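**Q** Everything in the sequence shown is counted per the numbering used here, starting at -1 for the first residue and increasing by one. Cβ atoms here follow ideal geometry from the backbone N, Cα and C, with glycine treated the same way. Keep in mind the model is a prediction, meaning the values are calculated, not measured. First the structure, then my questions, so here it is.
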Amino acid sequence: MAEAKSATVTDQIDINSIQPVAPADPHVVGIGQFVVEKFHHGKLLFIAVIGGFTWKCEGGKYYALIIQNQDYEGATFIHKALVVEAKGETKLLWHRN
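And the structure:
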């Protein structure tokens, strides 16, 4: 992750800025949808953001999200992702099943 961070932001994490996300917030939902589209390329459907955290970075924010997805047969999956929004762009930095 250090490589991705150095490419997008230059500051250190301010531990006091870490906050839980509001899973129903339309902006957070949009980031969850971005993750599913970017990583799964239409193979899974976005269901919801279950939870996560956000913290400030220079010029933006990091989002660590837990996302619920569903395949076209109805099976559901929980995935984790780290996204940064900085300098006018959104980047998926990390994803795990």
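Taking C-beta to C-beta, are L43 and N14 nearer than 8 Å?
**A** Numbered from its first residue, the sequence shown carries residue 43 at position 45. Numbered from its first residue, the sequence shown carries residue 14 at position 16. Contact: no.
**Q** Exposed or buried, which one is E87 when buried takes at least 16 other CB atoms within 10 Å?
**A** Here residue 87 refers to the residue found at position 89 of the sequence shown. Looking at its Cβ environment, which holds fewer than 16 other Cβ atoms inside 10 Å, E87 is exposed.
**Q** In the structure shown, what three-state DSSP assignment does V47 receive?
**A** As a first step, residue 47 must be located in the sequence shown, where it is residue number 49. V47 falls in the strand class under three-state DSSP.
**Q** Give the straight-line distance between the Cα atoms of V122 and P21, rounded to the nearest whole angstrom.
**A** Only positions -1 to 95 of the chain appear in the structure, and residue 122 is not among them; the question remains open.
**Q** Between Y61, F51 and I16, which lies nearest to L90 when the distance is taken from Cα to Cα?
**A** Start at 1 with the first residue of the sequence shown, and residue 90 comes out as number 92. Selected option, being the one with the closest Cα: Y61.
**Q** Thinking just about the alpha-carbon of each residue, which of H93, A84, N95 and R94 is nearest to the one in W53?
**A** For the purposes of this step, residue 53 is identified with residue 55 of the sequence shown, where counting begins at 1. When each option's Cα is compared against that of W53, the closest is A84.
**Q** So, under 8 Å CB-CB, V47 and I65 are touching, yes? Tell me the CB distance rounded to an integer number of Å.
**A** Translated into the one-based positions of the sequence shown, residue 47 becomes position 49. Translated into the one-based positions of the sequence shown, residue 65 becomes position 67. Going by Cβ atoms, the distance from V47 to I65 rounds to 6 Å, so yes, they are a contact pair.
**Q** Using alpha carbons as the reference points, say which of G30, I45 and G57 lies closest to H93.
**A** Position 95 of the sequence shown holds residue 93. The shortest C-alpha separation from H93 is found at G30.
**Q** Whose C-beta lies closer than 6 Å to the C-beta of Q17 among residues of the same chain, with five residues either side of it excluded?
**A** Counted from its first residue, the sequence shown places residue 17 at position 19. These residues qualify, in order along the chain: T52.
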